[in-house]
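For the sequence shown, counting from 1, position 117 maps to 139 in my numbering; every step adds exactly one.
Structure first, commentary second.
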Amino acid sequence: MKNLNKFLELKGEKKFRIKQITESVYKNGIISFSDMSFLSSDFKKELEKNVKILDFIVLKVIGKIEDNFLKALLKLDDGNLIETVLISPKPGIWSCCISSQVGCPCNCTFCDTGKMGFIRNLTDKEIYDQVLFWNNFIKNSDLINSKRIDSIVYMGMGEPLLNYKNVKDSLKILTNENYFNFGNRHISISTIGIKDKLAVFSKEFPQINLAISLHFSSNEKRVKYMPYTINTNLKDLKKFLNKRLLKNKRKVFLEYIMIKDINDTKEDLINLINFIKSINNNYLLHINLIPCNNNDDINFLTSEMKNIFYFKNNLNKNNISATIRKSLGEESYSACGQLANK
Ligand code: SAH
Numbered sequence: 023m024k025n026l027n028k029f030l031e032l033k034g035e036k037k038f039r040i041k042q043i044t045e046s047v048y049k050n051g052i053i054s055f056s057d058m059s060f061l062s063s064d065f066k067k068e069l070e071k072n073v074k075i076l077d078f079i080v081l082k083v084i085g086k087i088e089d090n091f092l093k094a095l096l097k098l099d100d101g102n103l104i105e106t107v108l109i110s111p112k113p114g115i116w117s118c119c120i121s122s123q124v125g126c127p128c129n130c131t132f133c134d135t136g137k138m139g140f141i142r143n144l145t146d147k148e149i150y151d152q153v154l155f156w157n158n159f160i161k162n163s164d165l166i167n168s169k170r171i172d173s174i175v176y177m178g179m180g181e182p183l184l185n186y187k188n189v190k191d192s193l194k195i196l197t198n199e200n201y202f203n204f205g206n207r208h209i210s211i212s213t214i215g216i217k218d219k220l221a222v223f224s225k226e227f228p229q230i231n232l233a234i235s236l237h238f239s240s241n242e243k244r245v246k247y248m249p250y251t252i253n254t255n256l257k258d259l260k261k262f263l264n265k266r267l268l269k270n271k272r273k274v275f276l277e278y279i280m281i282k283d284i285n286d287t288k289e290d291l292i293n294l295i296n297f298i299k300s301i302n303n304n305y306l307l308h309i310n311l312i313p314c315n316n317n318d319d320i321n322f323l324t325s326e327m328k329n330i331f332y333f334k335n336n337l338n339k340n341n342i343s344a345t346i347r348k349s350l351g352e353e354s355y356s357a358c359g360q361l362a363n364k
């Protein structure tokens, strides 16, 4: 079985034919050659025999459309497993959360993907095929009215900025008008912040949304619970944000998982307020407070709701924009890496 693009190139297919086929696949979400009415039946058969469109097998899909949350477990050609999520944050709007690596090298202690260790980077195709899969899923579902995915977040397994080359290539395909044709502003990257890559990404994709997984407001705690951040401390993040917010007047999201007794004390809150206030143009920052998903690890329990509200209210009182993000799908093992890891 061959990759579609490679097969068409090797066959020496004419340009318009390649365009017709790739547009059907990527723009219109057709992932079966038999549905391509413009192809001769012989060519359809040949393609079906030799080419596979998705670079993985879908092992299972869990969750319910009525609950606005679905998760798929995907088996890659080498047997590795990854997961991808479909969420409806608002009625009629569907967003997908995609993985960029098998496992993750960052080893954040509260994140299930971290426990798997790092296995390998995903290729650009393995990344954008997750979107192709969900586009087609939506199209074939009687229960979903939308025609396709509205937005994409790189918030599944892995650290996107540590697989920058392939993530970059996948972004190019997702935004290319001959392929998926997504608007840059409909795509978000979530990262713990990798010093040299943050600036490169910002320069190359200024219109793509950026979310930084901050989670801790002192370097000491951040390094303790997110060991990889030893390479990119709060000072580095501040330096980057000062530059980025001055140049690019778009919002940057700071993610803050609320973990009971670990990062939800008054001292953590004061440090957080001081950190935000120390950044220029901080009106462009938005804090997402996320109740930690309770997993098997009793060290990481979710903060009490009243404490999460205490954080939000105090941030708001200090003129810092902050909201509480509902954590969808906790019941169905939705937290980062929890499906592929079971
Ligand atoms: N490596 C990147 C992309 C992974 S997505 C990054 O860290 O940003 C990371 C996101 O997964 C976090 O910002 C958080 O929103 C979510 N997450 C990870 N562990 C979680 C947990 N235990 N509870 C709730 N959300 C979690």
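Glycine is no exception: its CB is placed at the ideal position from the N, C-alpha and C atoms.
Owing to the predicted nature of the structure, the values given are computational and were not obtained by experimental measurement.
By the neighbour-count criterion, in which 16 or more other beta carbons inside 10 Å mark a residue as buried, LYS257 falls on the exposed side. Sequence-distant Cβ neighbours of ILE79 in its own chain, meaning closer than 6 Å and more than five residues away, are LYS97. In the same chain as LEU183, and ignoring 5 residues on each side of it, the C-beta atoms closer than 6 Å to its own belong to THR213, ILE216 and LYS219, in chain order. For PRO228, the shortest separation between its Cβ and any heavy atom of ligand 1 does not lie below 7 Å. Between ILE160 and TRP116, the C-beta spacing is below 8 Å.
Relative to ligand 1, GLU199 has its C-beta separated by 7 Å or more from all heavy atoms. Contact check for LEU236 against MET280 fails: the beta carbons are separated by 8 Å or more. In the three-state reduction of the DSSP assignment, ARG207 falls in the helix class. Relative to ligand 1, THR131 has its C-beta separated by 7 Å or more from all heavy atoms.
Fewer than three pairs of CB atoms, one per stretch, sit closer than 8 Å, so the region 221–233 makes no contact with the region 101–111. Within the same chain, HIS308 come within 6 Å of SER343 by CB-CB distance, once the 5 residues on both sides are set aside. A distance below 8 Å separates the beta carbons of ILE252 and VAL245. Counting only the Cα atoms, VAL175 lies some 11 Å from ASN206.
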